[in-house]
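Before any comments, here is the structure.
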Amino acid sequence: MKLASLKSERDGHLVIVSRDLERAVSAKDIAPTLQLA
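Quick note on UniProt numbering: the sequence shown kicks off at 1 and runs consecutively.
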């Protein structure tokens, strides 16, 4: 599992990416940005 940030706002949108980089899900309900995580 990896954390990534998608461009959206100034700080980006936090997503969690699978180990094989095939799937990603939003982590917005947990932490809206990687900086806040």
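Backbone N, C-alpha and C define an ideal beta-carbon position, used for all residues, glycine too.
As the structure is a prediction and not an experimental result, all values here were calculated from the model.
Going by beta carbons, A37 and L6 fall outside the 8 Å limit. Its Cα nearest to that of V17, the residue A27 stands out among T33, A27, D11 and R10. In the displayed model, L36 falls within coil according to three-state DSSP, outside both helix and strand.
Secondary structure note for S26: its beta strand (DSSP E) is the uninterrupted segment A24 to S26.
Secondary structure of I30 (DSSP, three-state): coil.
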